[in-house]
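Residue numbers (my numbering), protein chains in the order written: chain A, 713 to 830; chain B, 67 to 403.
Following: one structure in structure tokens, then a few remarks.
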Amino acid sequence: MKTRTWAILLGAVFLLLAALTALQFLSAAPAASAAVYADGALVRTVDLSVDATYRIESAEGWNELTVRGGQLAVTAASCPDGDCIRCGEKNANPPIVCLPNRVSIRFSEDGPVDGVVK
Amino acid sequence: MKKRLFFLLLSLALLLSGCRLLPEVNVATPAQSDTAIWAMDTRMELRLYGDSTGAVMTDLTGQINALDQALSVTSASSALTSLNETGRSEDVRIVSLVSAAQKISALTDGALDITLYPVSRAWGFTTQTYQIPETEALDALRELVGMDKITLGEESVCLAEGTKLDFGALAKGYAADLCRRRVEDAELSALLSLGGNIQTVGSKPDGSAWVIGVQDPDDMEHFALTLNITGSKAVVTSGDYQRYFMEDDVRYCHIIDPKTLAPVRGTLRSVTVIADSGLTADGLSTALFVMGRAAGEALWRQRGDFEAIWMEADGSVWVTPGLTVTPGERPVYTVAR
């Protein structure tokens, strides 16, 4: 009787952990990097594993991006509506878009690059 | 026995779930400073690694801005405009650039030609008012075009009557070389992105290779491949997808073939050159785009002092074997030695 109780208990724990593991593998993996576009051109790729602040300038204005703990947020911007700031911290698509400044930030599972030749 | 099996499965489940739950460890990176400037009609991003980079960064932006002023083909007060108007210059930068252009032109059977400015203007590439010029108009310009219209002395450059130079195919490479020397003198590392030309200087602070994305000509938001670079290298691409116009479903790109005085019409979408010198990489990327892949491969086999990537219109990518690349979605083939 005692052995049976243990068996049921351990079986339940195993099933729970297996379900949790499956959920993690099935859910979208957090991005490793983000590509920042200004005026339609890729101007920077950002490594999400490094805490840092970046200032992105486009022909229409500027956006300040802050990376902290693997999450990226627009923390300040010159745009009038501030929609990009209200997107909050993110590490997966859909992209953060600042329409007035023509800046967009797309998340990627690919590793970041140091530069882009074009 | 059953108990052992349960504990084994339990351990396995914990291991599987635990490996995704561990927090990522951030590696401390050394000091890094970034500056972006607008020069030579393009955006330039300068990144320096190390402490006390302020003076070097000031020097770099100063050097680039000074070159921009000297080599502008549109500024009334530039050294280049003075040469184009008077037919003579003793500016040391212009003498260096003409000397380099002559060498690359000789290597590439005239595929690099810095006298094509009037032809580019006739096609509208200098003003973005694109047009297909009349054959007679191009024939008339032929009299003014050709590297043989330039006389290079030890400290001076003279042009034939009516000939005008444009250093658009070389100026960013020259700027990269100047910047590289300044950064090396200061014993710093740098990644310089000069309007799409990349110059790496020294080693990346974390010891890993510099990773450079090479633009996909058909998809501006993705790379055709990434390139691992060690140490100081210039990486420059010339292609038909940045500045061009379409007429009757024909693409007319800004790179002019000196033999036809018309935009290059080959099978290539882009050529990337990796070399020690920015000037060489810049000039060769234009020349190799004009020459086509077969002639470019032959030059690479003959010289061996540069590496290259050719992207064909059929989607294929051809790389020289000295490169370390990570392919994207396009098929990548290695050029035979």
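All C-beta atoms, glycine included, are put in the ideal place defined by N, C-alpha and C.
None of these values were measured; they are calculated from a predicted model.
Helix, strand or coil at residue i according to DSSP, with G and I counted as helix
i        : result
Leu754/A : strand
Met312/B : strand
Val748/A : strand
Gln783/A : strand
Val267/B : strand
Tyr307/B : coil
Ser148/B : helix
Arg335/B : strand
Glu769/A : strand
Ser343/B : coil
Leu82/B  : Confidence at Leu82/B is low in this model, with a pLDDT of 49, below 50, so its placement is unreliable and no value can be given for it.
Pro807/A : coil
Cutoff 7 Å; reference residue i; Cβ partners in own chain excluding five residues on either side
i        : result
Ser790/A : Gly773, Trp774 and Asn813
Ser351/B : Val302, Thr303, Ser304, Val337, Thr338 and Val339
Gly362/B : Val337, Leu354, Ala374 and Trp376
Leu729/A : none
C-alpha distance - residue i paired with residue j, whole-angstrom precision
i        : j        : result
Met377/B : Ser770/A : 29 Å
Val391/B : Val398/B : 9 Å
Glu395/B : Trp189/B : 34 Å
Ala341/B : Asp243/B : 11 Å
Tyr240/B : Gly344/B : 6 Å
Thr101/B : Tyr310/B : 29 Å
Asp205/B : Asp175/B : 21 Å
Lys830/A : Asp285/B : 11 Å
Gly787/A : Phe819/A : Looking at the sequence itself, residue 787/A is Thr, so the reference to Gly does not match. So the alpha carbons of these two residues sit roughly 17 Å apart.
Gly370/B : Val809/A : 45 Å
Pro283/B : Leu291/B : 11 Å
Ala750/A : Asp315/B : 28 Å
Met106/B : Gly128/B : 13 Å
Thr201/B : Lys169/B : 30 Å
Arg113/B : Gln98/B  : 7 Å
Ala364/B : Leu811/A : 48 Å
Ile295/B : Glu220/B : 36 Å
Met123/B : Leu207/B : 42 Å
Val748/A : Glu111/B : 14 Å
Asp795/A : Gly116/B : 36 Å
Leu760/A : Ala121/B : 29 Å
Asp348/B : Asn803/A : 37 Å
Cutoff 8 Å; reference residue i; Cβ partners in own chain excluding five residues on either side
i        : result
Gly297/B : Thr266, Gly268 and Ser269
Thr333/B : Gly358, Arg359, Glu378, Ala379 and Asp380
Ile198/B : Trp189, Glu313 and Tyr318
Any chain D beta carbon closer than 8 Å to residue i
i        : result
Ile278/B : The structure shown contains no chain D; its protein chains are A and B.
Residue closest to residue i, alpha-carbon to alpha-carbon, out of the options
i        : options                                   : result
Arg248/B : Leu293/B, Ala167/B and Thr119/B           : Thr119/B
Ala252/B : Pro393/B, Glu156/B and Asp125/B           : Asp125/B
Leu133/B : Ser144/B, Thr140/B and Met123/B           : Ser144/B
Arg780/A : Arg716/A, Cys810/A, Asp795/A and Ser745/A : Ser745/A
Gly279/B : Cys319/B, His288/B, Glu220/B and Glu209/B : His288/B
Ile768/A : Asp117/B, Ala172/B, Ile103/B and Thr195/B : Ile103/B
Leu327/B : Thr192/B, Arg154/B, Met106/B and Ala203/B : Ala203/B
Val211/B : Lys325/B, Ser382/B, Ala361/B and Trp384/B : Lys325/B
Arg368/B : Leu389/B, Arg403/B, Pro393/B and Gly349/B : It is worth fixing the name first, because residue 368/B is Gln in this sequence and not Arg. Nearest of Leu389/B, Arg403/B, Pro393/B and Gly349/B to Gln368/B, Cα basis: Arg403/B.
Gly228/B : Leu254/B, Glu111/B, Arg154/B and Ala172/B : Arg154/B
Leu173/B : Trp366/B, Leu225/B and Leu182/B           : Trp366/B
Asp30/B  : Thr386/B, Phe372/B, Lys299/B and Ser148/B : Because residue 30/B is not part of the residues shown, which for chain B are 67 to 403, the question remains open.
Thr386/B : Val277/B, Thr217/B and Leu293/B           : Leu293/B
C-beta atoms of residue i and residue j nearer than 8 Å
i        : j        : result
Lys230/B : Asn263/B : no
Ile160/B : Leu146/B : yes
Leu257/B : Gly827/A : yes
Leu182/B : Leu236/B : no
Cβ-based neighbour list, residue i, same chain, cut-off 6 Å, excluding 5 preceding and 5 following
i        : result
Thr108/B : Gly261
Trp384/B : Trp376, Tyr399 and Val401
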